[in-house]
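For the sequence shown, counting from 1, position 229 maps to 230 in my numbering; every step adds exactly one.
Backbone N, C-alpha and C fix where the C-beta goes; we use that ideal spot for every residue, glycine too.
The structure appears right after this line, and notes come after that.
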Amino acid sequence: MSTNYEAIEGPASSRLIINFVPTGIVPTRAMSAHVPLQPDEIVKDVLAAAELGITIVHLHARDENGRPTNSSEIYARIIAAIRERLPDLIICVSCSGRQAKTIEERTEVLNLRGDLRPDMASLTLSSLNFSREPSINSPEHVRELAQRMLDRGIVPELEVFDMGMVNVIRYLSERGLLRPPFYANLLFGNIATAQANLLEIATLVSRLPPEVIWGVAGLGAAQLPVAALGVAWAPAVRIGLEDNLWLDRERTQPASNLKLIERTHRLAAAIGRPIMTPGELRKQLAITDVISKPVAN
2 MSTNYEAIEG
12 PASSRLIINF
22 VPTGIVPTRA
32 MSAHVPLQPD
42 EIVKDVLAAA
52 ELGITIVHLH
62 ARDENGRPTN
72 SSEIYARIIA
82 AIRERLPDLI
92 ICVSCSGRQA
102 KTIEERTEVL
112 NLRGDLRPDM
122 ASLTLSSLNF
132 SREPSINSPE
142 HVRELAQRML
152 DRGIVPELEV
162 FDMGMVNVIR
172 YLSERGLLRP
182 PFYANLLFGN
192 IATAQANLLE
202 IATLVSRLPP
212 EVIWGVAGLG
222 AAQLPVAALG
232 VAWAPAVRIG
242 LEDNLWLDRE
252 RTQPASNLKL
262 IERTHRLAAA
272 IGRPIMTPGE
282 LRKQLAITDV
292 ISKPVAN
């Protein structure tokens, strides 16, 4: 198995991919006054973040009562509103197993067509436990999700929480269910999986296939140190209220999505690292179906 030494050295002079995660399925209004909980609030935060500069948006849909949903109709409303203003932004949708249990629920959003078809979709590569609940991703579901994304021309956003999930990338690739180049998020700080320390981060990165474009994410209090490390070292960073609701470790300063994006931009500016445009990443990932709509005034 080859070692990804180029990844370890870090592309500090390359353009930084910002993967924006505005809401997730966990935050509630009681937890944060700033988390977007309705379709129009999600769209508003995405448009504002894009003005600052992001490359990908990773969407979880919320219904009009603020509850997480897998409804393709609600996803369609969110995607349409974003693409009307931001036709080139890379849109990733969630196929999470934390809420939806059946493969049909999890893949409903993948059936959207035409201008509403997502560019990417999340693919968690194995089951894991969070602090209060499991995320069940059976081998059968992982293979089926990969196959349906492949059939529809949707690029998987590979979610990697531990070393075993790195192995699954190779397993799926060898069976033709994943095709390079790959995009992977490495997530650190969850209680039951890889922790946010240099040894574990470097170990996961070193075992990635060389065709992987990878990013890092820190959960909770790990978000800022992992993001700072990622800005200096990784091709991509994942940032937003899905992963963390606070600006400080002591939880005295509530975060907003814009404050988190602004802080990431400041970190990148401090080392002279520009932000990658969606169009640049489309070329790298061979996402060629750019939506050809005029940007609204």
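In this structure, Ser-123 sits away from Glu-74, with a CB-CB distance that is not shorter than 8 Å. Here the stretch 61 to 74 makes no contact with the stretch 134 to 142; the two share fewer than three CB pairs at distances below 8 Å.
Ser-257 sits in coil when the DSSP states are folded into three classes, being neither helix nor strand. Collapsing the DSSP output to three states places Met-32 in coil. Ser-15 is classed as exposed because its beta carbon has fewer than 16 other beta carbons within 10 Å across all chains shown.
Going by beta carbons, Pro-236 and Ala-197 fall outside the 8 Å limit. In the structure shown, Met-121 adopts extended strand secondary structure according to DSSP, grouped into three states. The shortest CA-to-CA distance from Leu-199 to any of Leu-53, Pro-182, Gly-219 and Arg-267 is the one to Gly-219.
Straight-line spacing of the CA atoms in Ser-127 and Gly-165 works out to 8 Å.
Along the stretch 63 to 123, the beta strand (DSSP E) occurs as fully enclosed runs of 3 or more residues at 91 to 94, listed in sequence order.
A buried status is given to Ser-97, since no fewer than 16 other beta-carbon atoms sit within 10 Å of its beta-carbon. With contacts defined by Cβ atoms closer than 8 Å, Tyr-172 and Leu-286 do not form a contacting pair.
The C-beta distance from Gly-25 to Glu-243 rounds to 3 Å, short enough to meet the 8 Å contact threshold. By the beta-carbon neighbour count (other beta carbons within 10 angstroms, threshold 16), Gln-254 is exposed.
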